[in-house]
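Student: Each number in the working numbering comes from the position in the sequence shown (counting from 1) with 13 added on.
Glycine included, each C-beta is placed from N, C-alpha and C at the ideal position.
As the structure is a prediction and not an experimental result, all values here were calculated from the model.
Sharing a structure, written as structure tokens. Questions coming.
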Amino acid sequence: MRAVFARDMKVAFRQRQDLLNPLLFFIMVVTLFPLGVSPEVAFLREAGAGILWVAALLSVLLSLDHLFRHDFDDGTLEQLVMQPHPLFLLVLAKTLAHWVLTGLPLVLLAPVLGVMVHLDGNSIAVLCLTLLIGTPVLSLIGSIGAALTLGLRSAGVLLSLLIIPLYIPVLIFGTGTVAAAAEGAPVAGYLALLGAFLVLATTLAPFAAAAALRISLSNS
């Protein structure tokens, strides 16, 4: 797992365009939204959490196609499948590297963009916490879709159709947590549900993604 994680990190920094595209997309969506809808402070304060969460979701989705694609093209993925080590652990390591490279930078950028949409300090703190818990879930669920669509033409469109419905509960509870914090309501229940999503995704998604990889490779 450590070797696979380190390799993915090195490969990502050699292909910096793939690394920067989701971050630039995240910034552009949040920046352009007020220009296209309404720049009013009251509206942005109310919709800011939803804007940031939708932008983060789409940014993660944008990068998922590359999760296994490069390894599939150069034959590395077949070697990983043939390893004596459990494949689900190697998939978990690759997914963790994907989150560190894609999801974690979104969490770090969220406070700056939260100020841009006029969120208060408490809402920004809760937003960052929900993104910290929720973005790994997006990467884990997305790994299943990326494995299922591996080697298919127009895989990006099919990946979106498969994954976005599964992202909706995370999006609802992520934005709902920030809305509850803005109203002064307790948020422990929302955070507990997001944590439950993370535990379930960490437990089940690597097994599903590993099985999907074997199916995709056997059909290629």
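(1) Indicate the three-state DSSP secondary structure (helix, strand or coil) for residue 111 in the structure shown.
(2) Take the Cβ of residue 212 as the centre, count every other Cβ of all protein chains shown within 10 Å, and call the residue buried at 16 or more, exposed below.
(3) Assuming residue 214 and residue 177 form a contact by the criterion Cβ under 8 Å, report the distance between their Cβ atoms to the nearest whole angstrom.
(4) What number of angstroms, rounded off, separates the C-alpha of residue 114 from the C-alpha of residue 165?
(5) Among 232, 131, 94, 142, which has the Cα closest to the Cα of residue 57?
(6) Is the separation between the beta-carbon of residue 111 and that of residue 173 shorter than 7 Å?
(7) Quick check on residue 79: does DSSP put it in helix, strand or coil?
(8) Taking Cβ to Cβ, would you say residue 104 is nearer than 7 Å to residue 219?
(9) Rounded to whole angstroms, how far is the Cβ of residue 69 from the Cβ of residue 148, which I believe are closer than 8 Å?
(10) Could you check whether the region 133-142 touches the region 35-54, counting it as contact only if at least three pairs of C-beta atoms, one from each stretch, sit closer than 8 Å?
(11) Since residue 22 is in the alpha helix (DSSP H), which residue starts that stretch and which ends it?
(12) Which runs of the alpha helix (DSSP H), 4 residues or longer, sit entirely within the region 92-157?
(13) Buried or exposed: which applies to residue 35, given that a residue is buried once 16 or more other Cβ atoms fall within 10 Å of its Cβ?
Tutor: Straight from the coordinates:
(1) Mapped onto the sequence shown, residue 111 falls at position 98. It is helical.
(2) Here residue 212 corresponds to residue number 199 of the sequence shown, with the count starting at 1. When all chains shown are included, residue 212 counts as exposed.
(3) By 1-based counting over the sequence shown, the position of residue 214 is 201. By 1-based counting over the sequence shown, the position of residue 177 is 164. 16 Å between Cβ atoms; not a contact.
(4) For the purposes of this step, residue 114 is taken as the residue at position 101 of the sequence shown. For the purposes of this step, residue 165 is taken as the residue at position 152 of the sequence shown. Straight-line Cα distance between these residues: approximately 25 Å.
(5) The sequence position of residue 57 within the sequence shown is 44, counting from 1. The shortest C-alpha separation from residue 57 is found at 131.
(6) Taking the first residue of the sequence shown as position 1, residue 111 is located at position 98. Taking the first residue of the sequence shown as position 1, residue 173 is located at position 160. No, they are not a contact pair.
(7) Numbered from its first residue, the sequence shown carries residue 79 at position 66. Looking at residue 79 - three-state DSSP - the assignment turns out to be helix.
(8) What you label residue 104 is simply residue 91 of the sequence shown in a count that begins at 1. What you label residue 219 is simply residue 206 of the sequence shown in a count that begins at 1. In contact: residue 104 and residue 219 (Cβ atoms closer than 7 Å).
(9) Here the question's residue 69 lines up with position 56 in the sequence shown. Here the question's residue 148 lines up with position 135 in the sequence shown. With 8 Å as the limit, residue 69 and residue 148 qualify as a contact, their Cβ atoms being about 6 Å apart.
(10) no
(11) The sequence position of residue 22 within the sequence shown is 9, counting from 1. That run of the alpha helix (DSSP H) goes 15-27.
(12) 100-111, 117-129
(13) Position 22 of the sequence shown, counted from the start, is the residue given in the question as residue 35. Its Cβ being crowded by 16 or more others within 10 Å, residue 35 is buried.
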